[in-house]
Amino acid sequence: MGSNISKDKRIRIIIGHYGSGKTEFAVNYALALSKLGKHVSLCDLDIVNPYFRSREKADMLEAAGITVISGARRHQANLDIPMISAAILGPLQQPEEQVILDVGGDSVGARVLARYHPNLNEGDYDMFCVINANREQTQDVQGVLSHIKAIEATAGLKVTGLINNTHMLRETTIEDVMRGQALSEEVSKILEIPVKYISTLTSVAAQLEDSLAGEIFPIRMVMREDWM
Amino acid sequence: MAKILMKGNEAIGAAAIKAGCKYFFGYPITPQNEVPEYMSRELPKNGGVFLQAESEVAAINMVYGASGCGARVMTSSSSPGIALKQEGITYIAGAELPCVIVNIVRGGPGLGGIQPAQSDYNQVTRGGGNGDYKLLVLAPANLQEMVDLMQEAFDAADYYRNPVMLVGDGMIGQMMEPVEFREIKTKYTLSEKTWATTGTKGQRPHNIINSLFLDPAQLEEHNHKLQKKYDDMKANEVRYESVGVEDADIVLVAYGTTSRIVRNAIATLKEEGIKAGLIRPISLWPFPMAAFDAIPETCKAIVSVEMSMGQMIDDIKIASNGRWAVDFYGRSGGMIPTPDGIVAKVKEIMGGVK
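As they're listed, the protein sequences go chains A and B. Position 124 of the first sequence, counted from 1, bears residue number 124 in the working numbering, the numbering being contiguous throughout. Position 89 of the second sequence, counted from 1, bears residue number 1089 in the working numbering, the numbering being contiguous throughout.
Structure (structure tokens):
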């Protein structure tokens, strides 16, 4: 489970169309990486969404030994101000620190990344694009490509891997994942970047064949409360 | 059409366009910003007009104008923004114009916060504007219900020539859920808008859209006419869901996403031998008074569960008419009730029972 995550580049930038499940993936990834004994800094760069940001789960993540960095006034949920803590520069500049940048959705959310361009050297980061084929704008190749293009142009960085996170929340089926897989593999072929992970609920992951492109990365829903 | 995963505010926009909305006037406010964002992108593609006004007051008055011209029109905002719109809303009700107003509620009073709340219950059911007017107020508990109610909201607005308000706590706007856009068969017979200011072409007298009456007797007559309309709504527009009320030890009343948290609490209570029923108002006005008649005399209490300091509790007391004790459990300011908190409150009320 998550066996290759320690082989990814030190800085993992998680981008994609908003609502694709970037934060669920980022939080699960941070927890899995932390379990491997690495010190992880999860940086919540989402200045677009007011709800469902990784900072909401800061207590749980910090209890797991993960450093959570978000707004300049810590993890306040009621502030509608697009500000980011200067502390993010710390982990970006520490060569031993494992860093996950949980970026806001679309190219609007990715605008934040341009600020950190001088700290993101080629070869030192992976930029993973999270894909959910059940989202209105990323149901086909053209949709995914246009989002990747817009985000790359805004951030000035290249996507290095794809994450198939196609889901329908608790109603997710194998068919959902496989449809997303076909889409991700097609995008992978066109852009010549690998499908790195197939991120899906543990119960669905158990039913997937191992031969698929990308590593199966089972997740649990952290951001969504049980009653939702 | 297959299910897709949408964010609440996007689904609101998509459902409105599908329901024939051609004009949207609004002003940004969290947590409903994705509604104008979606409309600005999608409405022009569908032959409509999106316009960001200079304020909420301007936006609602643009709605007044477009509706007077016979257009299907919508605005959306969140609590303090809805407060700003109240003058326009009472004018629209007074002038008998149809429109849909979406309110994605956040914590208050004042600027409050941006996290979810239900503290606009009084604002939306009691008016906030002046005079004897009412809105049809619909409060969905999930995105599919929101999408389905949107068509009915536009149809009911046209049918009654009255504003309809769709209310969701911030969570309804921000959460993602699978939705399907299905054909909703309208229950309303809609006639041509012969009252609209569409140009006389020299063929008929001018239509006048107005809420000013110089003669008190005429204004009273107008009020009687409006009242008749509100009585029709009370007879025909009550919507609610009722679960396990008939043999309940205790009944919880909750709407919107709070009702979903209550359902989890009810499941836990069942495991512990307490039969808790649920009344979920879908129409906040007209309030489902009759739903309470199914509650047995032996029911120990009715509890209003709200994301506010207790506003719906007054309607529950009216509906109970002294038949049961009425209690309250709520969180406010953007804090969300937990199933555990609700369970603890119920146990406290039930005292030593079981």
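Quick reminder that beta carbons are idealized off the backbone N, C-alpha and C, glycines included. Because the structure is a prediction, the values reported are computed rather than measured.
Proximal residues of chain A, C-beta to C-beta of residue i below 8 Å
i, result
"residue 989 of chain B", "Past the edges of chain B, shown from 1001 to 1354, lies residue 989 of chain B, and the structure says nothing about it."
"residue 1334 of chain B", "77 and 78"
"residue 1103 of chain B", "None at all; the shortest Cβ gap to chain A is about 16 Å."
Test item: CB-CB of residue i and residue j under 8 Å
i, j, result
"residue 19 of chain A", "residue 170 of chain A", "no"
"residue 208 of chain A", "residue 163 of chain A", "no"
"residue 194 of chain A", "residue 188 of chain A", "yes"
"residue 184 of chain A", "residue 150 of chain A", "no"
"residue 1318 of chain B", "residue 1304 of chain B", "no"
"residue 1025 of chain B", "residue 1075 of chain B", "yes"
"residue 1156 of chain B", "residue 1136 of chain B", "yes"
"residue 255 of chain A", "residue 34 of chain A", "Nothing can be reported for residue 255 of chain A, as the shown portion of chain A is limited to 1 through 228."
"residue 1309 of chain B", "residue 1121 of chain B", "no"
"residue 1250 of chain B", "residue 1276 of chain B", "yes"
"residue 11 of chain A", "residue 120 of chain A", "yes"
"residue 45 of chain A", "residue 112 of chain A", "yes"
"residue 52 of chain A", "residue 219 of chain A", "no"
"residue 1161 of chain B", "residue 1096 of chain B", "yes"
"residue 1279 of chain B", "residue 1292 of chain B", "yes"
"residue 1164 of chain B", "residue 1284 of chain B", "no"
"residue 1334 of chain B", "residue 1139 of chain B", "no"
"residue 1036 of chain B", "residue 1078 of chain B", "no"
Residues that residue i contacts on chain A, provided the C-beta gap is smaller than 7 Å
i, result
"residue 1114 of chain B", "50, 78 and 80"
CB contact check: residue i to chain A, cutoff 8 Å
i, result
"residue 1030 of chain B", "yes"
"residue 1177 of chain B", "yes"
"residue 1256 of chain B", "no"
"residue 1310 of chain B", "no"
"residue 1009 of chain B", "no"
"residue 1046 of chain B", "no"
"residue 1321 of chain B", "no"
"residue 1264 of chain B", "yes"
"residue 1354 of chain B", "Low per-residue confidence applies at residue 1354 of chain B: pLDDT is 46, beneath 50, and the placement is therefore not dependable enough to give any value."
Burial state of residue i, where buried means 16 or more other Cβ atoms lie within 10 Å
i, result
"residue 1043 of chain B", "buried"
"residue 1151 of chain B", "buried"
"residue 1216 of chain B", "exposed"
"residue 55 of chain A", "buried"
"residue 200 of chain A", "buried"
"residue 57 of chain A", "buried"
"residue 1247 of chain B", "exposed"
"residue 211 of chain A", "exposed"
"residue 92 of chain A", "buried"
"residue 1358 of chain B", "Because chain B here runs from 1001 to 1354, residue 1358 of chain B falls outside it and cannot be looked at."
"residue 1225 of chain B", "exposed"
"residue 16 of chain A", "buried"
"residue 1189 of chain B", "exposed"
"residue 81 of chain A", "exposed"
"residue 1233 of chain B", "buried"
"residue 190 of chain A", "exposed"
"residue 1130 of chain B", "exposed"
Where residue i meets chain B, residues with beta-carbon distance less than 9 Å
i, result
"residue 169 of chain A", "1005, 1176, 1177 and 1178"
Contact set between residue i and chain A, taken where Cβ atoms lie within less than 9 Å
i, result
"residue 1260 of chain B", "227 and 228"
Residue i: CB within 7 Å of a non-hydrogen atom of the ligand NAD
i, result
"residue 1281 of chain B", "As for the ligand NAD, it is missing from this structure, which has no ligand bound."
Chain D contact for residue i (CB, 8 Å cutoff)
i, result
"residue 1330 of chain B", "Among the protein chains of the structure shown, namely A and B, there is no chain D."
Cβ-based contacts, 9 Å cut-off: residues of the segment 1145 to 1175 of chain B near chain A:
Cβ contacts with chain A: 1170, 1171, 1173, 1174 and 1175.
Output, in sequence order along the chain, the residues in the segment 125 to 154 of chain A whose CB is closer than 9 Å to any CB in chain B.
Residues 132, 134, 135, 136 and 139.
Short-range partners of chain B found in the segment 13 to 31 of chain A, where Cβ spacing is below 7 Å
Of all residues in the segment 13 to 31 of chain A, 19 have a Cβ within less than 7 Å of some Cβ in chain B.
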